[in-house]
Amino acid sequence: MTETLAQLSTVFLYAAMGLYAAAFIAFALDLARRGARATAVEAAVVPSAVARRAEVREPVGAPAPTIIGEAPRDVAPPSSALGRLSSRISSKVEDDLVNGSDSSASMRWAFGLTIVGFAFHLVAVVLRGIAAARVPWANMWEFSMTGTLVIIGVFLVANLKWQIKYLGTFVLGLVLVLQGVALLRYYVPVVPLQPALQSYWLVIHIIVAVLGTAFFALGFALSGLQLLQYRRERQVEESRPQQFRFLATLPNSVTLENLAYRINIVGFIAWTFTLIAGAIWAEKAWGRYWGWDTKEVWTFIIWVIYAGYIHARATRGWRGSRSAWLAIIGFAAVLFNFGIVNVFFHGLHAYSGL
Amino acid sequence: MTQPKLGPVGWLRWFWRQLTSMRTALFLLLLLAIAAVPGSLVPQRSSDPNGVTKYFTDNPKLAPVLDNLQFFDVYTSVWFSAIYLLLFASLIGCIIPRTKHHFEAMRAKPPKTPVRLTRMAGYQVRTLPAEARADAPDPILTARDVLKASHYRVALYQDARSTSVSAERGYLRETGNLVFHVALLGVLLAIGVGGGFGYTGQKIVVEGQSFVNSLPSYNSFNPGRFFSDGALAPFSIAVNKLDVRYETKNQDAIGTPLDYTAHVTTTGPGDTSSDTTIKVNEPLAIGGTNVYLLGNGYAPTITVKNTAGKVVFSDSVPFIPQADPGLTSLGFVKVPDGLKEQVGMIGFFYPTVTESERAKGALASKFPGLNDPVLSLNVYAGDLGVDNGVPQSVYSLNTDTLEQLAGPPTKTKALELKPGQTVELPNGLGTITLDGVKRFATLEVHHDPAQIWVLVFAVLILGGLLTSLFVPRRRLWVKAIENPDGSLTLEYAGLARGEDPNLLAAVTAAADQHSHALSGRPTT
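Quick look at the structure:
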């Protein structure tokens, strides 16, 4: 029974990953569309040589072309069905390019696929929990599974408050990589909990750590975008060529920085709580609340890095790109703490099950 | 041009200003993060003393160099301590003036309304028409009441052209921030006090034996710097039975421990006595001290008789589990008196014996439970070195002055015993019997008088953090300007003091409330 449920859980997880992969592609298409749109808008603002010649020939006094609503609709409709379809698609694409709101077709597909994938993922995690008859986050496989679920969940919920759908490519990409590594390296069958893990603190300490990680992941993505955006803004200022055209459709670097900060401080609070809860649990299980175990050391290092990040925002000369780098280093340390310290460092947190 | 000369006081002042600057604090924070890294790369004496010993063996050249740099005691090292002490000095230098400033701000009125609000955040204008003014209450007093109801502190100001309300809220943000930083200091102090006056000790107790909380009875003991014997609460713990369960059904986890429970009888402090249990996540609190079940293992009961049949040794000897899921354990038996020679034995205990897959003819254990136990002993005779008065560990045997009589590499086979069996010792020294196998519990006794304060300050850290990050501190102004036509221009604006993403919405909300209070409907 346990084995069947565990296998079923893995099947659902594969299905979720397939959906996520499709969503990832759709999110990436949306970014490409944004890039194209930025170029199109730019082209409309700065007329091309052909357009300029055409303008000369046109009689003076004709209404100035507006950006919006000038799709070639007055062209005679094609007669064949295929022709009609292709013209409909091309006009839709063009419409999308010019009018583009935050909900292009690819974006809607991407978000929909993510939600369905999340549902499958949730079923996978719940099945694993039922199979093990306990919370599904007691070894690295389960932690990866639940952790990626929470990352997607936080991303979906955060979108109710902030418009950050443009992070989809990053979030889905990260989840696919993490879950892929977990499938290859971390899979373990269901095994009972050793005595040290038999505590309600397992529920509290780990789930808050997962939540903190999810917020740090989003903050990391925003800080990364902030750096790219800042670079683009400087390029625009100095009239240099720009890469990553899609950035033109995203908020400016200051807005991204403020958003990253608000998300990272939620992560920081969760991390502070995890640290305290971990100390309380360590006191119960190991007879001391703090002993510089390797995992404790890295949890402390991450806490200090993010404390530095928060202070950097209030330090002259550190606001902006420098503080963004701290957030990026902080998240790199989070990944290191999970992927490397758990597996390769000697310590008491030896629960990877590997 | 000459630079003004700094005297010693001037230099001190300069140094203090540098230390307490935000830039220095940030630098020290990041330095602290970096300095903590080496402690995770090389084993630490505090958490992994065996790892340090092994590191010295594996890296004989590098280890002494690292040791000189205190890399095996990173968190008590001079350089790590210097960083965090400077950081805390910087912290103190920062919070003292801030506390003073905050205290004054809490007692002062909100500052005067700026002359021009147009440049302030969320600036907006509404007009109260002349005809509506007759029925409306006084606009500025109404604004004051509206803001007061939203927990603002308010002050009224007047100049030649206008009357205004200046309001401020969110003082709790700074309070939380100060509480957070003071609580960090509190944690550091509490850790220091707890470590100084507390103690940690370990004791191995075999089933049926008991342990008295006094210095001589410990196997190992780490007192704090200011420890005195008086800190040892008078109690004793008898371990009656140790229940251990291992997984037997799940093929993926055969032998995984499921439960360790020590059934104990405690006596004291005073005349109290009770039967209770100690489990891994459920320590025993007794006399202001916590007792933890940190480990367990097997203690074979061994009896040695001489050729005359007289018992010269009889004891349950704790065997220390090696890094092996089958719980193969290593132990030492020393018989100093009663035989022709002094005899020492190095024993391996296999709870469920099987042929070793690694070495032909050797034994191993395939399950940690007592399914088919075997005790195997290598026998040595000669000088145990116990007569010269130097204390010896019972968990080691120095074979330098001993001659090996049985076990590889000698031709005589190692002695092998199952429970109840008796075999002859080599060289006609006598006999040895394995009477049975008991379990032992490793109890850790930890006394930390300031532990509760660490927890209190930790909770304050979290509370302070929440308020300092989420309570918005903002100023809001409402200004009324008389117009020649008898109407009134109402200006609204705000100022964020710290992160405040909702400031604009707050200004609008205040303006809406004000309008509503004035007319019952929004003004134009």
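For the record, the sequence lines run as chains D and B. Just so we're aligned: the first sequence equals residues 1 to 354 in my numbering. Just so we're aligned: the second sequence equals residues 1 to 524 in my numbering. Don't be surprised by glycine CBs; every beta carbon is placed ideally from N, CA and C.
I'd like to know whether the C-beta of residue i is nearer than 8 Å to at least one C-beta of chain B.
i: Ala312/D; result: yes
i: Gly291/D; result: yes
i: Tyr261/D; result: yes
i: Pro59/D; result: Unreliable positioning characterises Pro59/D in this predicted model, as indicated by a pLDDT of 44, which lies under 50. The coordinate reading is nonetheless provided below. Answer no: the Cβ-Cβ gap between Pro59/D and chain B never drops below 8 Å.
i: Pro251/D; result: no
i: Val304/D; result: yes
i: Ser106/D; result: no
i: Gly308/D; result: yes
i: Pro241/D; result: no
i: Asn258/D; result: yes
i: Ser199/D; result: yes
i: Leu211/D; result: no
i: Ala196/D; result: yes
Output the boundary residues of the alpha helix (DSSP H) element that contains residue i.
i: Val182/B; result: Tyr171 to Phe197
i: Arg144/B; result: Pro139 to Ala149
i: Ile164/D; result: Where Ile164/D is concerned, there is no enclosing alpha helix (DSSP H), given that its DSSP letter is neither H nor E.
i: Met107/D; result: Ala105 to Ala132
i: Met106/B; result: Val78 to Arg107
i: Val235/D; result: First, the residue type needs correcting, since residue 235/D is Gln and not Val in the sequence shown. Start and end: Trp201 to Glu237.
i: Arg23/B; result: Met22 to Ala36
i: Gln209/B; result: Premise fails: Gln209/B is in no alpha helix (DSSP H) and is neither H nor E.
i: Gln18/B; result: Pro8 to Leu19
i: Lys54/B; result: Pro49 to Asp58
Quick check on residue i - is its C-beta less than 8 Å from some C-beta in chain D?
i: Gly39/B; result: yes
i: Gly273/B; result: For the sequence presented, residue 273/B should be read as Ser rather than Gly. No - not a single Cβ of chain D is within 8 Å of the one on Ser273/B.
i: Asn50/B; result: no
i: Arg23/B; result: yes
i: Val179/B; result: no
i: Glu174/B; result: no
i: Ser47/B; result: yes
i: Ala89/B; result: no
i: Pro501/B; result: yes
i: His516/B; result: no
i: Gln124/B; result: no
Interface residues of chain B around residue i at Cβ under 7 Å?
i: Arg288/D; result: His446
i: Trp356/D; result: No information on residue 356/D is available, as it lies outside the stretch 1 to 354 that chain D covers here.
i: Phe345/D; result: Ser40
i: Trp318/D; result: Leu26
i: Thr315/D; result: Met22, Arg23 and Leu26
Please compile the residues from chain B whose C-beta is within a distance smaller than 8 Å of the C-beta of residue i.
i: Pro192/D; result: Glu247, Asn250, Ala253, Thr256 and Leu258
i: Phe273/D; result: Leu462
Can you pull the chain B neighbours of residue i, defined as C-beta to C-beta under 9 Å?
i: Phe12/D; result: Per Cβ cutoff of 9 Å: no residues; Phe12/D is ~20 Å from chain B at best.
i: Ile301/D; result: Leu32, Ala33, Ile34, Ala36, Val37 and Ser40
In chain D, which residues lie with their C-beta within 8 Å of the C-beta of residue i?
i: Glu207/B; result: Simply none; closest approach about 18 Å.
i: Arg29/B; result: It is worth fixing the name first, because residue 29/B is Leu in this sequence and not Arg. Those are Val304, Ala307, Gly308 and His311, listed as they occur along chain D.
At what residues does the beta strand (DSSP E) containing residue i begin and finish?
i: Gly331/B; result: Ser329 to Val335
i: His263/B; result: Pro257 to Thr267
i: Gln529/B; result: Nothing in the structure corresponds to residue 529/B, since chain B is present only between 1 and 524.
i: Tyr246/B; result: Ser236 to Tyr246
Below 8 Å on the Cβ atoms is my contact criterion, and I expect residue i with residue j to pass it. Report the Cβ-Cβ distance as a whole number of Å.
i: Ala525/B; j: Val146/B; result: This structure cannot speak to residue 525/B, because chain B is shown only from 1 to 524.
i: Asn290/B; j: Val264/B; result: With 8 Å as the limit, Asn290/B and Val264/B do not qualify as a contact, their Cβ atoms being about 14 Å apart.
i: Pro269/B; j: Phe227/B; result: Rounded, the Cβ-Cβ distance is 18 Å, inconsistent with contact.
Regarding residue i and the ligand HEM, is the C-beta to nearest heavy atom distance less than 7 Å?
i: Leu488/B; result: This structure lacks the ligand HEM, and indeed carries no ligand of any kind.
Name the chain D residues whose beta carbon is nearer than 7 Å to that of residue i?
i: Leu490/B; result: The contacting residues do not exist; Leu490/B stays about 30 Å from chain D at best.
i: Gln44/B; result: Trp292
i: Leu232/B; result: By Cβ distance, chain D contributes nothing, its closest Cβ being about 17 Å from Leu232/B, past 7 Å.
* **Stretch-stretch touch, CB-based, cutoff 8 Å, three pairs: the stretch 36-45 of chain B with the stretch 66-86 of chain B** => yes
* Would you say the stretch 226-236 of chain D touches the stretch 287-296 of chain D, given that touching needs at least three Cβ pairs under 8 Å? -> no
* **Sufficient close CB pairs (3 or more, under 8 Å) joining the stretch 210-224 of chain D to the stretch 263-277 of chain D** => yes
* Determine contact between the stretch 152-171 of chain D and the stretch 190-200 of chain D, defined as no fewer than three beta-carbon pairs at a distance below 8 Å. => no
* Asked: Touch check for the stretch 203-212 of chain D and the stretch 267-276 of chain D: three-plus C-beta pairs under 8 Å?
  -> Enough Cβ pairs lie closer than 8 Å, so yes.
* Asked: If you pair each beta-carbon of the stretch 458-473 of chain B with each one of the stretch 165-179 of chain B, do three or more pairs fall below 8 Å?
  -> yes
* Asked: Are the stretch 201-210 of chain B and the stretch 474-490 of chain B touching, with three or more C-beta to C-beta distances below 8 Å?
  -> no
* Are at least three pairs of beta-carbons, each pair with one atom in the stretch 8-25 of chain D and one in the stretch 105-116 of chain D, less than 8 Å apart? -> yes
* Are at least three pairs of beta-carbons, each pair with one atom in the stretch 450-467 of chain B and one in the stretch 215-234 of chain B, less than 8 Å apart? -> no
* To do: Please confirm if the stretch 327-345 of chain D is in contact with the stretch 79-97 of chain B, defined as three or more CB-CB distances below 8 Å between the two stretches.
  => no
* **the stretch 348-361 of chain B contacting the stretch 319-329 of chain B, beta-carbon criterion three pairs below 8 Å** => yes
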